[in-house]
Amino acid sequence: MIFVTIGTQIPFDRLIEILDRIAPELDEEIYAQVLRGKYKPKHIKTLDFIEPDEFEKVFLQARLVVAHAGMGTILSSMRKAKPLIIFPRIASLGEHRNEHQSATAQMIKEKNYAYVATNEEELRELLHKNLHPLKNIGEFASENLVKSLEDFIDLNV
Amino acid sequence: MERKIIAIASIGGHWIQLLRIVRPMEKHYEVIYMCTHPGCATIVEGKKYYLATDFSRSDAWKLIPAFFSQLKIIWKEKPDAIITTGAAPGLICVFAGWLLRRKTIWIDSIANANHLSLSGRIAALFVSRIYTQWPHLATDKIHYAGDIFR
Numbered sequence: 001m002i003f004v005t006i007g008t009q010i011p012f013d014r015l016i017e018i019l020d021r022i023a024p025e026l027d028e029e030i031y032a033q034v035l036r037g038k039y040k041p042k043h044i045k046t047l048d049f050i051e052p053d054e055f056e057k058v059f060l061q062a063r064l065v066v067a068h069a070g071m072g073t074i075l076s077s078m079r080k081a082k083p084l085i086i087f088p089r090i091a092s093l094g095e096h097r098n099e100h101q102s103a104t105a106q107m108i109k110e111k112n113y114a115y116v117a118t119n120e121e122e123l124r125e126l127l128h129k130n131l132h133p134l135k136n137i138g139e140f141a142s143e144n145l146v147k148s149l150e151d152f153i154d155l156n157v
Numbered sequence: 001m002e003r004k005i006i007a008i009a010s011i012g013g014h015w016i017q018l019l020r021i022v023r024p025m026e027k028h029y030e031v032i033y034m035c036t037h038p039g040c041a042t043i044v045e046g047k048k049y050y051l052a053t054d055f056s057r058s059d060a061w062k063l064i065p066a067f068f069s070q071l072k073i074i075w076k077e078k079p080d081a082i083i084t085t086g087a088a089p090g091l092i093c094v095f096a097g098w099l100l101r102r103k104t105i106w107i108d109s110i111a112n113a114n115h116l117s118l119s120g121r122i123a124a125l126f127v128s129r130i131y132t133q134w135p136h137l138a139t140d141k142i143h144y145a146g147d148i149f150r
């Protein structure tokens, strides 16, 4: 199963429409979390907002994750060793408040942490490939950062 | 006595980053979590949890009830420190904490690779300490000590 997630805040119809066009070419089910988008897909199954613990269950069942460039999904995919394709939102198309998703996607691509697609053709090409997870991470943040925070909290001022 | 901290973030990436940073700190501190969605309580089961009023630029008026509710919680809990990874509700919480003379810490999201977030730039004006997760954004005032990856 391919799980598509676009975060918890605003719809991302451009991605859902593209996936709906690609879906008939693939023989794998696509589940998408669509929020309140206007576009009604015909070839993919949709879920509205799902509770955090339910989200975790669907996420674990997925073979592949396709997502907007939100750090939550990126971190969860790395942690659960799921292959991930990122499709960043573009603020100038009204898909977000600012262009930070393009910056995130750029960073992810440079570090080779996940696959990145920015248009229908790139996404189609990736979906027809057999992708593997590119990056695995542990449970917690860097020890150095945690240590620095604890030192600061323990400081008597 | 064990120190007490409040860890707050909005649901989504902010919350997941916060958990990666704060969960290992549970060994040393009493941690109280706050997030903008009631479902997040189950993620930190066994820990004290408060629901934070959510708002964004489109419904900014909610900032006022959010601020008073944060003020009340901080007054009651008297944490030694407040840590947030953002976004706006976390900013309000560290502001309320600053008023009540608590130690306040802002950790800017790793998503902000080119410059600090707007909320981060506002937080920089008053928080006790601010971190970026990007070495090239560090300055005398903005600390860098690593990121949420390990």
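Read top to bottom, the protein sequences are chains A and B.
Using this note's numbering, read the first sequence as starting at 1 and increasing by one per residue.
Using this note's numbering, read the second sequence as starting at 1 and increasing by one per residue.
The beta carbon of each residue, even a glycine, is placed where N, CA and C say it ideally should be.
Since we're looking at a predicted model, the values are computed, not measured.
- B:I43 is positioned such that its CB atom lies no closer than 8 Å to that of B:K4.
- Under the Cβ criterion (8 Å, minimum of three pairs), the segment 44–57 of chain A counts as touching the segment 42–62 of chain B.
- Contact check for B:G97 and B:A9: beta-carbon distance about 14 Å, past the 8 Å limit, so the pair fails to qualify.
- Restricting attention to A:P41, A:H68, A:K147, the CA atom closest to the CA of A:T118 is found in A:H68.
- Of all alpha-carbon atoms in B:R102, B:S58, B:W61, the one lying nearest the alpha-carbon of B:K76 is that of B:R102.
- Membership of A:L134 in any alpha helix (DSSP H) is not indicated, and neither H nor E is assigned to it by DSSP.
- Interface criterion met: the Cβ of B:K103 is under 8 Å from a Cβ in chain A.
- Runs of the alpha helix (DSSP H) lying entirely within the segment 54–110 of chain B, each at least 4 residues long, are 63–77, 88–99 in chain order.
- Here the C-alpha atom of B:F126 lies approximately 10 Å from the C-alpha atom of B:I105.
- In the same chain as B:L51, and ignoring 5 residues on each side of it, the C-beta atoms closer than 8 Å to its own belong to M34, C35, T36, H37, P38, A41, in chain order.
- In this structure, B:D80 places its C-beta atom within 8 Å of the C-beta atom of A:I153.
- Around the Cβ of A:N136, a 10 Å sphere holds fewer than 16 other Cβ atoms; the residue is exposed.
- Sequence-distant partners of A:A62 (beyond 5 residues in either direction) whose C-beta falls short of 7 Å from its own C-beta, in its chain, are M1, I2, F3, K82.
- Less than 8 Å divides the Cβ of A:L19 from the Cβ of A:I30.
- Under the three-pair Cβ rule at 8 Å, the segment 106–118 of chain B counts as touching the segment 133–149 of chain B.
- The Cβ atoms of A:Y39 and A:I86 lie no closer than 8 Å to each other.
- Of all residues in the segment 81–101 of chain B, those with a C-beta nearer than 8 Å to a C-beta of chain A are A81, I83, reading in chain order.
- The three-state secondary structure of B:I43, taken from DSSP, is helix.
- Exposed is the label assigned to A:N130, since fewer than 16 other Cβ atoms lie within 10 Å of its Cβ.
- Less than 8 Å separates the beta-carbon of A:E150 from that of B:H28.
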